[in-house]
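Undergrad:
Numbering (full-length UniProt numbering), first residue to last: 1 to 779.
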């Protein structure tokens, strides 16, 4: 493809002033180490994070009375008495203790600048997404000052380089603090200090070390601070570690800062940029014409303000897409923990919702762009967590439910805790977190086709999740097999007898997850005779699961029966799981159910739904799957207008990062879909994006796809197949496919007719294919 997708210098956030609040600061991260740069002039601070700084240690919290009272709870639900069932569940199923500790900030590096005087001019604060560099630049009294910040994967340090255009003009004092939650800061050497402490009884011990180097200046340790006088340039290296991974965090931190200092900043920077660009540059996106690039030169907060006033800025949506990819790279790399509710960027000791791993939508949404947006490696921390959940969840399944396999509930933490969390009934007693997360391993296989991964990691965890559910299912009054007790997160219903409840039998979301998981297990075990007995159990269960049901208002039912909804505008729309991320409901395979899903969305939005950032992001994805481009765009526009902060962080409110990841996934889904065994190019392209191009999106089946379009119509696409197989394309118009040879020459054309079901052709592994609209006979 000849279309130039990349616009150098446009993938950046920038501002004319320092950050006045945390949600204006700019994030950097290497998956494990994160920082927020504020960019002050007389003083500045870096708010620091390390992914394993969690309060409290591992604990066995399963309620010993759970198994004995499970039949009682089920009987109450069968009799239509949810209030009585919830009273017993809150006593017998709730964990002891009910909560675990939060993810916490590592602390702050504070900087105070001395000797800088005069008015500030030319101030600029920016985050370069392609390079992973945050910069501050300004002029004062004729001297140009700059600061450049990065978080390195190769060197596992945060590095900050400060320069001035005149000699001996940098003087500053530095210290580390964590308010009153550290044991104190120790002077290691004249240029190095370290802050240490412990995150509660039984919790991890942490360390953060700071080393300062001054070019032609002096570094002195005074008290528990570092003082730098009259330097030409200053380089700071920060390392952090905890006993979650390291037996001696202080020793590890000192080794890392010394190694980085020995390499020197320019080599650390070069290695960081090379590592960062290797992932970031896999995908490029242009929305709109080059004549609109002038908008990209405006400060980000001004662009956001324009969009909130209803003005068009296609480039801001492209920036938001790439920002989501940047944030996933910054909060999830191989060997780290997964991105939590705030990625890794958390300034609090007691953050909202513990900044934990929520398994009833949020952690899953964080990883929806991982495969499609060509960051498959960033998905790996989820599979590491799944391995630990599987181990702990077997114990929880046996103790609480007398079941085989593994279970995880609606939230987990550093220690892969699988017991119910919190005393909020509408969220707590949901046994599907592990099953939903296990489907991410299947998604990773569907995109990448790694048979070893499927055999050794994906299938074992999927099988154990399915085994638990096969044991957990009970028969309802209609003779169907359903989960009980469970919930439809975090919604309530009203029965004809007047009782309201959240605890229930067989919510639709559970059935949809089970159907997807059981089918994935069947597909993954095909041809394995040693799995025949397990496969027979799955097939028998599949015949007994409730079907999709449509309610009296034409909506897809959220519960097993057509009961009244208490909150018609509830933020969770869990019963559309089969629409997205599942693929069971599509307009071309299940039109009646798809129409009911549309009605569900219309009712939710009419009653105030989509009022949280992550919910709005999920809604965009629903509309994209329904191939309603204008509704998808309207909700994407609403996401930026109502649910992002000045630094483009998603807003729940308060800050949660899932809206960023959900928004990125949604834009990818508007441009390319690959569920239900077919590929569709530009399936939900809105009128506001009449021209554009994208390079490097991934599709299930092992394809990488580039697309260009003009006047709202495909001009050319390139599909590169990683492995051989039959590829099915859906299209509203006839397409012409030509194989591209090794020298770039185009081969014989294959003509595919327009088809909503799709037309199939044989794609050879390692080959690329050009897709263009077919010329009519008269052209």
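Here a beta-carbon is modelled for each residue, glycine too, at the ideal position from N, C-alpha and C.
With H, G and I counted as helix, E and B as strand and the rest as coil, what does DSSP make of residue 81?
TA: Counting from 1 along the chain shown, the entry for residue 81 is found at position 81. In the structure shown, residue 81 sits in coil (DSSP, three-state: anything other than H, G, I, E or B).
Undergrad: My understanding is that residue 360 touches residue 489, with C-beta atoms under 8 Å, so please give their C-beta distance in whole angstroms.
TA: Residue 360 sits at position 360 when you count from the first residue of the chain shown. Residue 489 sits at position 489 when you count from the first residue of the chain shown. With a Cβ gap of about 4 Å, residue 360 and residue 489 count as contacting.
Undergrad: Provide the residue span of the alpha helix (DSSP H) that contains residue 726, from first to last.
TA: One-based indexing of the chain shown puts residue 726 at position 726. Element bounds for residue 726: not the alpha helix (DSSP H) but the beta strand (DSSP E), 725–731.
Undergrad: So, with DSSP's three-state summary, where would you put residue 481?
TA: Against the chain shown, residue 481 aligns to sequence position 481. Residue 481 falls in the strand class under three-state DSSP.
Undergrad: Where do the ends of the beta strand (DSSP E) carrying residue 195 lie?
TA: Residue numbering aside, residue 195 sits at position 195 when the chain shown is read from its first letter. Counting along the chain, the beta strand (DSSP E) containing residue 195 begins and ends at 192–198.
Undergrad: Distance check for residue 33 and residue 125, CA to CA, integer angstroms please.
TA: Mapped onto the chain shown, residue 125 falls at position 125. Mapped onto the chain shown, residue 33 falls at position 33. Approximately 21 Å, taken between the alpha carbons.
Undergrad: How many Å lie between residue 570 and residue 426 at the Cα?
TA: Counted from its first residue, the chain shown places residue 570 at position 570. Counted from its first residue, the chain shown places residue 426 at position 426. When rounded, the distance between both Cα atoms is 12 Å.
Undergrad: Taking the alpha carbon of residue 389 as the reference point, which residue from 626, 71 and 410 has its own alpha carbon closest?
TA: Here residue 389 refers to the residue found at position 389 of the chain shown. Of 626, 71 and 410, the residue nearest in Cα terms is 410.
Undergrad: With C-beta atoms as the reference, is residue 651 less than 9 Å away from residue 617?
TA: If you number the chain shown from 1, residue 651 lands on position 651. If you number the chain shown from 1, residue 617 lands on position 617. Not a contact, by the Cβ cut-off of 9 Å.
Undergrad: Less than 8 Å between C-beta atoms, sequence neighbours within five positions excluded: which residues of the same chain meet that for residue 580?
TA: Counting from 1 along the chain shown, the entry for residue 580 is found at position 580. Here the set comprises 618, 621, 622, 624, 625 and 669.
Undergrad: Taking 8 Å as the limit between beta carbons, can you name the residues of its chain near residue 198, skipping five residues before and five after?
TA: By one-based count along the chain shown, residue 198 stands at place 198. Only 183, 204, 205 and 206 meet the Cβ criterion.
Undergrad: Could you give the DSSP three-state label for residue 2: helix, strand or coil?
TA: The residue labelled residue 2 in the question sits at position 2 within the chain shown. Confidence in residue 2 is poor, its pLDDT being 43 and thus under 50, which makes the residue's placement too unreliable to answer from.
Undergrad: Once you ignore the five residues that flank residue 578 on each side, which residues in its own chain have a CB closer than 6 Å to its CB?
TA: For the purposes of this step, residue 578 is taken as the residue at position 578 of the chain shown. Excluding residues within five positions, the ones whose Cβ falls inside 6 Å are 512, 584 and 585.
Undergrad: Using three-state DSSP, classify residue 44 as helix, strand or coil.
TA: Translated into the one-based positions of the chain shown, residue 44 becomes position 44. Residue 44: strand per DSSP, three-state reduction.
Undergrad: Do you know offhand how far residue 310's Cα is from residue 81's?
TA: Here residue 310 refers to the residue found at position 310 of the chain shown. Here residue 81 refers to the residue found at position 81 of the chain shown. Going from the Cα of residue 310 to the Cα of residue 81 covers about 49 Å.
Undergrad: What does DSSP give as the partner residues of residue 177 in its beta bridges?
TA: Indexing the chain shown from 1 puts residue 177 at position 177. Residue 177 pairs with 108.
Undergrad: Mapping DSSP to helix, strand and coil, what is residue 766?
TA: Within the chain shown, residue 766 is the residue found at index 766, counting from 1. Residue 766: coil per DSSP, three-state reduction.
Undergrad: Excluding the 5 residues flanking residue 590 on each side, which residues of the same chain have their C-beta closer than 8 Å to its C-beta?
TA: As a working mapping, residue 590 is identified with position 590 in the chain shown. 548 and 584, listed in sequence order.
Undergrad: Let me check understanding here. Comparing Cα to Cα, which of 220, 244, 46 and 12 lies closest to residue 58?
TA: The residue given as residue 58 occupies position 58 in the chain shown. For the residues 220, 244, 46 and 12, the minimum Cα distance to residue 58 belongs to 244.
Undergrad: So, with DSSP's three-state summary, where would you put residue 336?
TA: Residue numbering aside, residue 336 sits at position 336 when the chain shown is read from its first letter. Three-state DSSP puts residue 336 in coil, outside helix and strand.
Undergrad: What are the boundary residues of the alpha helix (DSSP H) that residue 428 is part of?
TA: As a working mapping, residue 428 is identified with position 428 in the chain shown. Segment 425–428, the alpha helix (DSSP H) holding residue 428.
Undergrad: With distances taken from CA atoms, which of 129, 502 and 342 is nearest residue 841?
TA: Residue 841 lies beyond the range of the chain shown here (1 to 779); nothing can be said about it.
Undergrad: Look at residue 374 and residue 461 and say whether their C-beta atoms are less than 9 Å apart.
TA: For this step, residue 374 is matched to residue 374 along the chain shown. For this step, residue 461 is matched to residue 461 along the chain shown. Their beta carbons are not under 9 Å apart, which means residue 374 does not touch residue 461 by this criterion.
Undergrad: Can you tell me whether residue 222 is buried or exposed, with buried defined as 16 or more other CB within 10 angstroms of its CB?
TA: Your numbering for residue 222 matches position 222 in the chain shown. Exposed.
Undergrad: Would the beta-carbon of residue 101 fall within 9 Å of that of residue 47?
TA: Along the chain shown, read from residue 1 onward, the residue named residue 101 stands at position 101. Along the chain shown, read from residue 1 onward, the residue named residue 47 stands at position 47. Against a cut-off of 9 Å, the Cβ pair of residue 47 and residue 101 comes out as no contact.
Undergrad: Could you tell me whether the region 465–480 touches the region 396–412, where touching means 3 or more Cβ pairs closer than 8 Å?
TA: Yes, the region 465–480 is in contact with the region 396–412.
Undergrad: Below 8 Å, how does it come out for the region 187–196 and the region 223–233: are there three or more Cβ pairs, yes or no?
TA: Cβ pair count under 8 Å is three or more, so yes.
Undergrad: Whole-angstrom Cβ separation of residue 780 and residue 749, contact assumed at under 8 Å?
TA: Summary: the structure shown does not reach residue 780, with the chain confined to residues 1 through 779, and so no result is reported for it.
Undergrad: Grab the span of the alpha helix (DSSP H) containing residue 784 for me, first residue to last.
TA: No answer is possible for residue 784: the residues shown for the chain start at 1 and end at 779.
Undergrad: When the distance is taken between beta carbons, is residue 471 closer than 9 Å to residue 397?
TA: Taking the first residue of the chain shown as 1, we reach residue 397 at position 397. Taking the first residue of the chain shown as 1, we reach residue 471 at position 471. Yes, they are a contact pair.
Undergrad: What is the C-beta distance between residue 435 and residue 445, in whole angstroms, given that I count them as a contact (C-beta under 8 Å)?
TA: For the purposes of this step, residue 435 is identified with residue 435 of the chain shown, where counting begins at 1. For the purposes of this step, residue 445 is identified with residue 445 of the chain shown, where counting begins at 1. Not confirmed; about 16 Å, so no contact.
Undergrad: When the Cα of residue 614 is compared with those of 531, 544, 20 and 665, which residue comes out closest?
TA: In the chain shown, residue 614 corresponds to position 614, counting from 1. Closest option to residue 614, Cα to Cα, is 665.
Undergrad: How many whole angstroms separate the CB atoms of residue 421 and residue 675, which I take to be in contact at a CB cut-off of 8 Å?
TA: On the chain shown, residue 421 is found 421 positions in, with the first residue counted as 1. On the chain shown, residue 675 is found 675 positions in, with the first residue counted as 1. At roughly 31 Å, the Cβ-Cβ gap does not stay under 8 Å, so residue 421 and residue 675 are not in contact.
Undergrad: Using 8 Å as the cut-off, can you tell me whether the region 8–18 makes contact with the region 111–121, which would need three or more C-beta pairs spanning the two stretches below that distance?
TA: In short, these stretches do not touch, since the Cβ pair count stays below three.
Undergrad: Should residue 329 be labelled buried (16 or more other beta-carbon atoms within 10 Å of its own) or exposed?
TA: Mapped onto the chain shown, residue 329 falls at position 329. Buried is the call here.
Undergrad: For residue 28 and residue 277, I'd like the C-alpha separation in whole angstroms.
TA: Sequence index remark: in the chain shown, residue 28 carries index 28 (1-based). Sequence index remark: in the chain shown, residue 277 carries index 277 (1-based). Cα to Cα, residue 28 sits roughly 14 Å from residue 277.
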